[in-house]
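In structure tokens:
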């Protein structure tokens, strides 16, 4: 299957700083990328949907000014957690899809963010 | 609104036993897609299967099999002759079918943590 690479795998940052997470589709063009958040022992909650070259669509309750999403190319989307706080500590995982009808979403390996 | 329910939070079985993970879904769409993903301790999500709402045939892939029943809105997953490597969290997911392909969002269940005891 297609490969989605997410970087970094884990990051520890100080409260108040910003952290950028990258999601790359390595062998296909991802017209749409999704960002999920997963708290320990919980399910994946969709944060936002991003389409290349346009603004991301955020789910209800997700602060767009805090979680900045940029999908500048067909192979790269970034999630920036701005002014991170300990409650932002979580597992963030991206997925990417081609423009074809309901192919499966390919997931990155996830990024574990710890804010201290 | 779409909803996926995985009532089994945690299951433990002894190696070589068969185990079935339940998934019940709710949707108003007539066309939709169902998925199963495996999340091992390392965290990545591994795709297992996609099934569209018009295909109710059961599927078997090695030790894995899936039973899709629209009448009960269920899409259950069975592992036969379980192995320790099957230990993971398994998620069932549902997506609608949209005209702009690729934008369909996945709604995940809460997951079932499966532990295979050697």
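Protein chains in written order, with my numbering: chain A, 1238 to 1353; chain B, 22 to 139.
Ideal Cβ placement from N, Cα and C applies to all residues, glycine included.
Check                                                                                                                                                                                                  : Outcome
If contact is defined by three or more beta carbon pairs under 8 Å, each pair taking one atom from either stretch, is the stretch 105-120 of chain B in contact with the stretch 1323-1333 of chain A? : no
Quick check on DSSP: helix, strand or coil for residue 38 (chain B)?                                                                                                                                   : coil
Report the neighbours of residue 126 (chain B) on chain A: residues whose CB is nearer than 9 Å to its CB, in chain order.                                                                             : 1271, 1283, 1286, 1296
If you run the structure through DSSP and keep just helix, strand and coil, what is residue 33 (chain B)?                                                                                              : strand
Note down the Cα distance separating residue 135 (chain B) from residue 57 (chain B), rounded to an integer number of angstroms.                                                                       : 14 Å
Between the alpha carbons of residue 1341 (chain A) and residue 66 (chain B), how many angstroms are there, rounded?                                                                                   : 12 Å
Among all the DSSP beta bridges, which residues are the ones paired with residue 1348 (chain A)?                                                                                                       : A:1329
Count the other CB atoms within 10 Å of the CB of residue 1351 (chain A); is the residue buried (16 or more) or exposed (fewer)?                                                                       : exposed
Is it the case that the Cβ atoms of residue 127 (chain B) and residue 114 (chain B) are separated by a distance below 7 Å?                                                                             : yes
How long is the line joining the alpha carbons of residue 1276 (chain A) and residue 1284 (chain A), rounded to whole angstroms?                                                                       : 13 Å
On the DSSP bridge list, what partners appear for residue 86 (chain B)?                                                                                                                                : B:81, B:99
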